[in-house]
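Trainee:
Protein chains: 2
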Amino acid sequence: MNRNEGKIVLGHGNGGPMMHDLIKDLFLKYFGNVIINEQTDAAVFPVKSQKLAFTTDSYVIDPIFFPGGNIGKLAVCGTVNDLAVSGAEPCYLSVSFIIEEGFAMKDLEVIVKSLAEEAQKANVLIVTGDTKVVNNGKCDKLFINTAGIGFVSKKNELISKALNINPGDVILINGTIGDHGMAVMNERESFKFKMKVISDCASLNKLIHEILEQSSTVKFMRDPTRGGVAGVLNELSEKIYMGIEIDESLLPVNKGVKAMCELLGYDPLHIANEGKVLIVADEQESKYILEIMQKNSLGTNSAIIGRVVSDHPGKVALKTLAGGHRIVGSLVGDPLPRIC
Amino acid sequence: MNRNEGKIVLGHGNGGPMMHDLIKDLFLKYFGNVIINEQTDAAVFPVKSQKLAFTTDSYVIDPIFFPGGNIGKLAVCGTVNDLAVSGAEPCYLSVSFIIEEGFAMKDLEVIVKSLAEEAQKANVLIVTGDTKVVNNGKCDKLFINTAGIGFVSKKNELISKALNINPGDVILINGTIGDHGMAVMNERESFKFKMKVISDCASLNKLIHEILEQSSTVKFMRDPTRGGVAGVLNELSEKIYMGIEIDESLLPVNKGVKAMCELLGYDPLHIANEGKVLIVADEQESKYILEIMQKNSLGTNSAIIGRVVSDHPGKVALKTLAGGHRIVGSLVGDPLPRIC
Numbered sequence: 272m273n274r275n276e277g278k279i280v281l282g283h284g285n286g287g288p289m290m291h292d293l294i295k296d297l298f299l300k301y302f303g304n305v306i307i308n309e310q311t312d313a314a315v316f317p318v319k320s321q322k323l324a325f326t327t328d329s330y331v332i333d334p335i336f337f338p339g340g341n342i343g344k345l346a347v348c349g350t351v352n353d354l355a356v357s358g359a360e361p362c363y364l365s366v367s368f369i370i371e372e373g374f375a376m377k378d379l380e381v382i383v384k385s386l387a388e389e390a391q392k393a394n395v396l397i398v399t400g401d402t403k404v405v406n407n408g409k410c411d412k413l414f415i416n417t418a419g420i421g422f423v424s425k426k427n428e429l430i431s432k433a434l435n436i437n438p439g440d441v442i443l444i445n446g447t448i449g450d451h452g453m454a455v456m457n458e459r460e461s462f463k464f465k466m467k468v469i470s471d472c473a474s475l476n477k478l479i480h481e482i483l484e485q486s487s488t489v490k491f492m493r494d495p496t497r498g499g500v501a502g503v504l505n506e507l508s509e510k511i512y513m514g515i516e517i518d519e520s521l522l523p524v525n526k527g528v529k530a531m532c533e534l535l536g537y538d539p540l541h542i543a544n545e546g547k548v549l550i551v552a553d554e555q556e557s558k559y560i561l562e563i564m565q566k567n568s569l570g571t572n573s574a575i576i577g578r579v580v581s582d583h584p585g586k587v588a589l590k591t592l593a594g595g596h597r598i599v600g601s602l603v604g605d606p607l608p609r610i611c
Numbered sequence: 272m273n274r275n276e277g278k279i280v281l282g283h284g285n286g287g288p289m290m291h292d293l294i295k296d297l298f299l300k301y302f303g304n305v306i307i308n309e310q311t312d313a314a315v316f317p318v319k320s321q322k323l324a325f326t327t328d329s330y331v332i333d334p335i336f337f338p339g340g341n342i343g344k345l346a347v348c349g350t351v352n353d354l355a356v357s358g359a360e361p362c363y364l365s366v367s368f369i370i371e372e373g374f375a376m377k378d379l380e381v382i383v384k385s386l387a388e389e390a391q392k393a394n395v396l397i398v399t400g401d402t403k404v405v406n407n408g409k410c411d412k413l414f415i416n417t418a419g420i421g422f423v424s425k426k427n428e429l430i431s432k433a434l435n436i437n438p439g440d441v442i443l444i445n446g447t448i449g450d451h452g453m454a455v456m457n458e459r460e461s462f463k464f465k466m467k468v469i470s471d472c473a474s475l476n477k478l479i480h481e482i483l484e485q486s487s488t489v490k491f492m493r494d495p496t497r498g499g500v501a502g503v504l505n506e507l508s509e510k511i512y513m514g515i516e517i518d519e520s521l522l523p524v525n526k527g528v529k530a531m532c533e534l535l536g537y538d539p540l541h542i543a544n545e546g547k548v549l550i551v552a553d554e555q556e557s558k559y560i561l562e563i564m565q566k567n568s569l570g571t572n573s574a575i576i577g578r579v580v581s582d583h584p585g586k587v588a589l590k591t592l593a594g595g596h597r598i599v600g601s602l603v604g605d606p607l608p609r610i611c
């Protein structure tokens, strides 16, 4: 880490020797593997099946460090999960940094390190990257884009299309909702709530692999990030033009998240998750799938939370604790910007 | 473009109905194809050969509109070229936007439209994307990340590795150098030089395809973007541990670029290009390759500019117009930040 005395400067993004030192001393130190070490303009590697899945996300979360993770870990989990819910085995990631001039090198190292660790945990290789530095004040500390490639087996090709859903199908989730959004909010606004709220930020590909290996009636999966569980279920109910009914008494919500949401006037159904997957499956097999999920450490609190119904097509209804029903819409506006 | 009265607001990035309207009314309007229209978390498509090439770049250019292009066109050209110089046929792109709250919808539409047009021209499909909106002042107008996937035929697998270069091999370029950097600089600083300087921003995959189809001795290709021709040649000479000699009298430089560089004290060899490729080839075939290049509209001013030598390994020497020799180093620091 010579020549730069602990701060990112514009020269780290100019394509010259300073950038090459940064790549060698930091990025390759943590990301190094036979593919990225070639340092070519594009990574070249063999395909593993005849169908590819390809996704991208830019991460602009504020703050970049939060209980349960940081922007680096998140940039792996988010993209890995987008591939996994599409029925793909995530394999390769690209990582692109936009860094504000003056950003502390030691913070960058912490972020790069957790990014590399999460990639290793999720069993994906970082194979190509890019670094841009912008003048002070022209971005907010650090943005990261990851794009991901996965391979899709014939058996799982149709999962992302939600083609075979019928009324009576069951909706499962692998644990408590709203943890990520409320952890970030708590950290950002320094509310200092006593109850600890920790982001659920995690790569779900191993959990999803276990489910798809052992069951055959998973009809749809989606990770409820921005827009929360309500966002995904609304999108789904509109797409299949059926109704969805969820039961408030079955929704797993952590005490801290519940308390924060009540105080701030949020609905946990609208709050972002980064380690959750919603699954639609045939009712017959749903208890079996639930057992598989509960055995995985990322699914201890898994639950069946509702079902697809033929009533109120295109709408999501919540059976409340009080016994009534209310329609749960999607968020309009953004009360919680920069949550991912 | 209902609900937003001409400006991007935070709600356009929240995963809810406003974001979906933006995707439908703007992005799908221009990018639409059978793959992206599925609107799944990850695009799924068949592979076309047994080796993939994968690359990413974030574009933070300032200003976002410049003579010869804009950030949208550039985001296609840059990533397509990174794939093409690796010997791949570029096929699929992801596009991720980070947009500053308040950004004018009509500017976004112009950018999205030229991005789509350039993708069509380069024959690549945009198959997946992402949109983030950050608060006013937290990024500079608009950043775009593209990641790209290409397929590599057996014949071209080794091009990116620069394995077979020998002293005597010849260095070619497909036209004038420094146009992109100086066009952006001129626009940014409002120098109002009378001579028109226009960015060379272009997708080179068709030109490169023609060269690789008709010749068999291309040993290395690279697009000299940030760091310019000097950056690429220095990296290459260090990698192969041979010398490189280029001849100032053979370097194609536009009059306007020459004049600007002289006035501002820059060396065109250090200035970024976005529509240029440096090619190393066997001397025997070099004139034939030059002819192929000159027949393509993106190679009219192609030239042989130098050669690989056994002297001064790891260093690039310029034979000056005055007849002397000087070593051309890489840039340290960044006199021209945010050029791409």
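As they're listed, the protein sequences go chains A and B.
Note that the numbering used here has the first sequence beginning at 272, numbered continuously upward.
Note that the numbering used here has the second sequence beginning at 272, numbered continuously upward.
All residues carry an ideal CB built from backbone N, CA and C; glycine is no exception.
Since we're looking at a predicted model, the values are computed, not measured.
Buried or exposed, going by whether 16 or more other CB atoms sit within 10 Å of the CB of B/S557?
Mentor: buried
Trainee: Quick check on B/K278: buried or exposed, where buried means 16 or more other Cβ atoms within 10 Å of its Cβ?
Mentor: Answer is exposed; the Cβ neighbour count stays below 16.
Trainee: Whole alpha helix (DSSP H) runs in the region 464–549 of chain A with 4 or more residues, listed along the chain?
Mentor: 476–485, 499–511, 526–535
Trainee: Relative to the C-alpha of A/A418, which residue among A/A588, A/I469, A/L323, A/T327 is closest?
Mentor: A/T327
Trainee: Decide yes or no for the touch test of the region 518–527 of chain B against the region 579–586 of chain B: beta carbon pairs closer than 8 Å, at least 3 of them.
Mentor: In the pairwise beta carbon analysis, the region 518–527 of chain B is classified as not touching the region 579–586 of chain B: fewer than three pairs are separated by under 8 Å.
Trainee: Within a Cβ cutoff of 7 Å, which residues of the same chain sit near A/N572, ignoring the five residues on either side of it in sequence?
Mentor: G446, T447, P523
Trainee: So with Cβ pairs under 9 Å, would you call A/N572 a contact of chain B?
Mentor: no
Trainee: From A/M453 to A/I542, what does the alpha carbon distance come to, in whole angstroms?
Mentor: 7 Å
Trainee: Which same chain residues, not among the five before or five after B/A530, have their C-beta less than 8 Å away from its C-beta?
Mentor: F464, M466
Trainee: Just confirm the distance between the C-beta atoms of B/I436 and B/M513, as a whole number of angstroms; I'd bet it's less than 8 Å.
Mentor: 7 Å
Trainee: Where does the unbroken alpha helix (DSSP H) through A/R459 begin, and where does it stop?
Mentor: 450–460
Trainee: Measuring CB to CB, does A/E389 end up less than 9 Å from A/G339?
Mentor: no
Trainee: To which residues does DSSP link A/E371 through a beta bridge?
Mentor: A/V405
Trainee: Of the residues that make up the region 472–491 of chain A, which ones have a beta carbon closer than 7 Å to any beta carbon in chain B?
Mentor: none
Trainee: Would DSSP call A/L413 helix, strand or coil?
Mentor: strand
Trainee: Could you check if B/I598 is buried or exposed, using at least 16 other CB atoms within 10 Å of its CB as the buried criterion?
Mentor: exposed
Trainee: With DSSP collapsed to three states, give me the class of A/N341.
Mentor: strand
Trainee: For my contact list, A/I563 and A/S486 are in at a C-beta cut-off of 8 Å; report their separation, rounded to the angstrom.
Mentor: 7 Å
Trainee: What residues in its chain sit with their C-beta under 6 Å from that of A/V500, if we drop five residues either side in the sequence?
Mentor: Scanning its chain for C-beta atoms nearer than 6 Å, with the 5 sequence neighbours on each side dropped, one finds around A/V500 the residues I448, L540, in chain order.
Trainee: At a CB-CB cut-off below 8 Å, which residues of chain A make contact with B/T326?
Mentor: D312, A313, A314, S365, T399
Trainee: Could you check how far apart the C-beta atoms of B/P495 and B/K547 are, in whole angstroms? I think they sit under 8 Å.
Mentor: 6 Å
Trainee: Among all the DSSP beta bridges, which residues are the ones paired with A/G577?
Mentor: A/I442, A/I517
Trainee: Tell me the residue span of the beta strand (DSSP E) that contains B/V599.
Mentor: That residue, B/V599, is in no beta strand (DSSP E); it is neither H nor E in DSSP.
Trainee: Counting only beta-carbon separations shorter than 9 Å, does B/E309 have a partner in chain A?
Mentor: The Cβ of B/E309 sits closer than 9 Å to at least one Cβ of chain A.
Trainee: Just to confirm my understanding: we take B/G250, look at its own chain, exclude 5 residues before and 5 after, and list those with CB closer than 6 Å. What are they?
Mentor: Outside the displayed range of chain B (272 to 611) lies residue 250 of chain B, so it cannot be described from this structure.
Trainee: Under 7 Å between beta-carbons, which chain B residues line up against A/S601? List them in chain order, please.
Mentor: G287, P288
Trainee: By the 7 Å beta-carbon criterion, what residues does the region 585–597 of chain A contribute toward chain B?
Mentor: none
Trainee: Where B/F368 and A/A593 are concerned, what is the direct C-alpha to C-alpha distance, given to the nearest angstrom?
Mentor: 43 Å
Trainee: Just checking my contact of B/Q321 with A/V318 at CB under 8 Å: how many whole Å lie between their CB atoms?
Mentor: 6 Å
Trainee: So that I know if they touch, is there some Cβ in chain B lying closer than 9 Å to that of A/N416?
Mentor: yes
Trainee: Grab the span of the alpha helix (DSSP H) containing B/S424 for me, first residue to last.
Mentor: Boundaries for B/S424: no alpha helix (DSSP H) harbours it, and the DSSP string shows neither H nor E there.
Trainee: Are B/G502 and A/G287 close, meaning C-beta to C-beta below 9 Å?
Mentor: yes
Trainee: Does the distance from the CB of A/G421 to the CB of A/C348 come in under 9 Å?
Mentor: no
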